[in-house]
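Everything on this sheet refers to the single structure shown next.
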Amino acid sequence: MLTQISPHVYILPFDSQRDRPNLGYIHGEKFSLLVDTGNSKAHLNTMLKAIKDANLPAPAIALITHWHWDHTFGMHAFPGTTMTHTKTNEILNDLTKWKWTPEAMNERLKTGEECEFCDTHIKIEYDDITEIKVVRADVEFDGNLTINPGNVTVEVTPIANPHSDDGAVVYIKEDKVLFAGDADTGDFYELDGGYDANKFYDYVTSVDKIPYETYIHGHLAPMTRTEVSALRKEIETEEL
Ligand SMILES: [Zn+2]
166 MLTQISPHVY
176 ILPFDSQRDR
186 PNLGYIHGEK
196 FSLLVDTGNS
206 KAHLNTMLKA
216 IKDANLPAPA
226 IALITHWHWD
236 HTFGMHAFPG
246 TTMTHTKTNE
256 ILNDLTKWKW
266 TPEAMNERLK
276 TGEECEFCDT
286 HIKIEYDDIT
296 EIKVVRADVE
306 FDGNLTINPG
316 NVTVEVTPIA
326 NPHSDDGAVV
336 YIKEDKVLFA
346 GDADTGDFYE
356 LDGGYDANKF
366 YDYVTSVDKI
376 PYETYIHGHL
386 APMTRTEVSA
396 LRKEIETEEL
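Sequential numbering of the sequence shown, starting at 166, is according to the numbering used here.
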């Protein structure tokens, strides 16, 4: 079921057991948007059904925050236009070449191409891993992007962060809501969940220039600015 966050913004809340992130929905007067497509066709379809059940219009566009499987493996099943940063699309293009057999998955674990946490959760989400399908987005953007779906403004900002080499945050201006992807989390691919301190502080400095009041991390409940500061203090104490 959807949770309403603000006049134009809803989420389908995250599910840690299956590593399903929060999926966002932005309701415009002319058209609506998704933020991330989830970790599988099943996850995406749960979102699309929740939108329908709430009597809201189906989304025309899906914006992708970063390339990680849990945010992108539903893209192939999205019946609209998918959009992502050029860097994200380059990485997704590489992933389209990955084979989905137990042998290929084991090999990627050995070489470090895949992270253990992801491997474990992919096997929980998918009863049949041969169903996995990775696609590139239909539309790429290389810098900031503004979308006007009617009565609300959506600002997409590519941002350097400690979580992945790509990454964009999505800000719903009138509602002061920010979708941050997983940007505050450490890097599970290069640093085993650890943090690069410079990237962390660069991220915090840039993202905090955005006047958000509600901050939506991919795998946590929505936070106020004060709660975001508390989370950052915790990361500083424990991880940096
Ligand atoms: Zn991620």
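We put the beta carbon where it would ideally sit given N, CA and C, even for glycine. As the structure is a computational prediction, the values presented were derived from the model and not from experiment.
DSSP assignment within the stretch 176-243 yields the following whole beta strand (DSSP E) runs of 3 residues or more, N-terminal first: 188-191, 198-200, 226-228.
Look at S181: its beta carbon is at least 7 Å from all of the heavy atoms in ligand 1. Short of 7 Å from the beta carbon of T295, and not among the five residues preceding or following it, lie these beta carbons of its own chain, in chain order: W265.
Near ligand 1, meaning a beta-carbon closer than 5 Å to one of its heavy atoms, we find H233, D347.
Within the stretch 324-366, complete alpha helix (DSSP H) segments of at least 4 residues are not found at all. When the Cα atoms are used, L396 and H236 turn out to be separated by approximately 22 Å. Between K275 and A242, the CB-CB gap reaches or exceeds 8 Å. Annotated three-state conformation of Y368 is helix, per DSSP.
Annotation: D180 to I381 spans about 14 Å, alpha carbon to alpha carbon. Taking E404 as the centre and dropping the five residues before and after it, the same chain places the C-beta of Y360 closer than 6 Å to its C-beta, in chain order. Looking at the backbone, the Cα of E290 and that of G346 are separated by about 20 Å. Here D184 is buried: its Cβ has 16 or more other Cβ atoms, across all protein chains shown, within 10 Å. Counting only runs that start and end inside the stretch 282-313, the beta strand (DSSP E) elements of at least 3 residues fall at 304-306, 310-312.
According to the DSSP assignment, M248 belongs to the beta strand (DSSP E) that extends over 246-250.
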